[in-house]
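Numbering-wise (the numbering used here), the sequence shown opens with residue 33 and increments by one.
Worksheet: one structure, shown below.
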Amino acid sequence: MTDRNPDPASEERPQRRDPERGRPELGPGTEGAGYTPLPDFETRPKPRRFGPLAALGLALAFGLGGVGVWHGMRPRRPAEPPRVEAQAPAPAPLAQVLAVGRAEFDRAATEAAREALKRGDVPPVLAQASPDLRREVAEARMDLFSVRLVDTVAEDGDVVIIFVDGKPLGRVDLSNAGAVLTLPLKPGTSTGLKVVAEKDGGGGVTFGAVTSQGQVMSKVMSVGEAQDWTVLAR
C-alpha cells in the first residue's frame with residue numbers, strides 16, 4: 033500500500049552540479065563526502081613575488097641610477113675669467129723743455145725796453161707783446177732773452193704765433209737761417225711758452241729753438257695745432 037502523503041524531507045532532491053568542476057553538489061546530510069565543496073570565485077593569476085636576490089638587484093639598480101642622475105645634475109663650477117696681467121700705465125710724454133742761460137740774457141735790450149716803457153713808449157722788441165708782458169718787464173719782474181727760432185725741415189713759409197705764460201708775444205716767420213726772438217722770461221724760474229701753427233708753407237709746420245744750453249724741435253703740426261714748451265731761465 034502506497035503512502036499518499038510522503039515526507040517531503042525524505043523525497044529525493046535533484047542533485048546540483050558544480051558548474052566549474054562538473055561534480056554533483058551533495059545535499060543535506062552528505063557531510064563527510066570525498067571532497068568539500070568550494071565557494072564560487074573567479075580564477076585570478078597569482079601575484080608574482082620577488083625573491084631576495086631580485087629585490088637586492090632592484091635596490092642596486094635604483095641606487096646606481098640615482099647616483100648617476102645626481103652626478104649628472106651636479107652643478108658645474110663657473111668658468112674662471114681669464115687672468116689679465118696688470119700692465120704698467122704708459123709713461124706720459126715728456127714735456128718739451130728749453131733751457132736758456134746767461135749767454136741768452138740780453139742786458140742791453142732789457143735796459144732799453146725799461147727806459148722806453150717809463151717814457152710811455154713801446155720798444156720794438158715788445159711791439160706785439162700784450163700790455164701785461166710790457167708791465168712785467170717795466171717793473172723788473174721779467175728780463176729779455178734772445179732765442180733763435182728756425183724751420184727745422186724746409187724753409188717754405190711757415191708762420192707761428194708765440195704766447196708767453198698765456199699772453200700773446202707776437203708772430204714769427206720761420207726760416208732755415210733762423211730768426212732771433214726776444215723772450216721776456218722770469219730769471220731763475222720757469223716760464224710757459226705756447227707755439228701755435230698759423231700758416232703752413234707745405235708739408236706741415238715745423239720749428240725749433242736753439243740756445244747755448246741745447247736745442248728743442250717741435251712735432252709736425254697742422255694749422256691751428258699748438259705745442260707747449262717750458263722755458264727755464266738759469
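Just so you know, even glycine gets a beta-carbon here, dropped at the ideal spot from N, CA and C.
1) Could you tell me the alpha carbon to alpha carbon distance between ALA211 and ALA241, rounded to whole angstroms?
2) Tell me, please, whether the segment 139-151 touches the segment 183-203 by the rule of three or more beta-carbon pairs shorter than 8 Å.
3) Quick check: what's the CA-CA separation for GLN160 versus GLU230?
4) Going by the CB atoms, is the gap between SER162 and LYS199 shorter than 8 Å?
5) To the nearest angstrom, report how far apart ALA135 and LEU213 are at their CA atoms.
6) At the level of alpha carbons, what is the spacing between THR238 and PHE177?
7) Terminal residues of the continuous alpha helix (DSSP H) containing VAL192?
8) Please report the distance separating the alpha-carbon of SER254 from that of ARG173.
9) Can you find the residues in the same chain that come closer than 8 Å, C-beta to C-beta, to ALA131, ignoring five residues on each side of it along the sequence?
10) Relative to the C-alpha of SER250, which residue among GLY233, VAL192, ASP197 is closest?
11) For the candidate residues ASP138, ALA140, ARG166, whose alpha-carbon lies nearest to that of LYS150?
12) Using the three-state DSSP reduction, which class does ARG173 fall into: helix, strand or coil?
13) Taking its Cβ as the centre, do 16 or more other Cβ atoms sit within 10 Å of PRO156, making it buried, or is it exposed?
14) Given a cut-off of 8 Å on the beta-carbon distance, is the pair LEU215 and VAL196 in contact?
15) On the CB-based measure, 16 or more other CB atoms within 10 Å of its CB, does GLY256 come out buried or exposed?
16) Please check the pair LEU225 and ILE194, which I expect to be a contact at CB under 8 Å, by giving their CB distance rounded to whole angstroms.
According to the structure data:
1) When rounded, the distance between both Cα atoms is 10 Å.
2) Here the segment 139-151 does not lie against the segment 183-203, with fewer than 3 beta-carbon pairs under 8 Å apart.
3) Each residue's alpha carbon lies about 16 Å from the other.
4) Taking 8 Å as the cut-off, the Cβ atoms of LYS199 and SER162 count as close.
5) ALA135 and LEU213: Cα-Cα distance of roughly 14 Å.
6) Going from the Cα of THR238 to the Cα of PHE177 covers about 22 Å.
7) That residue, VAL192, is in no alpha helix (DSSP H); its beta strand (DSSP E) goes 191-196.
8) SER254 and ARG173: Cα-Cα distance of roughly 34 Å.
9) Closer than 8 Å at the Cβ level, and outside the excluded window around ALA131, lie THR243, GLN245, GLY246, VAL263, LEU264, ARG266.
10) The candidate whose alpha carbon is nearest that of SER250 is VAL192.
11) The alpha carbon of LYS150 has as its nearest neighbour, out of ASP138, ALA140, ARG166, the alpha carbon of ARG166.
12) Here ARG173 sits in coil by DSSP.
13) Classification for PRO156: exposed.
14) In this structure, VAL196 lies closer than 8 Å to LEU215 by Cβ.
15) GLY256 is exposed by the Cβ-count criterion.
16) Distance from LEU225 to ILE194 at the Cβ level is roughly 7 Å; contact confirmed, criterion being Cβ atoms closer than 8 Å.
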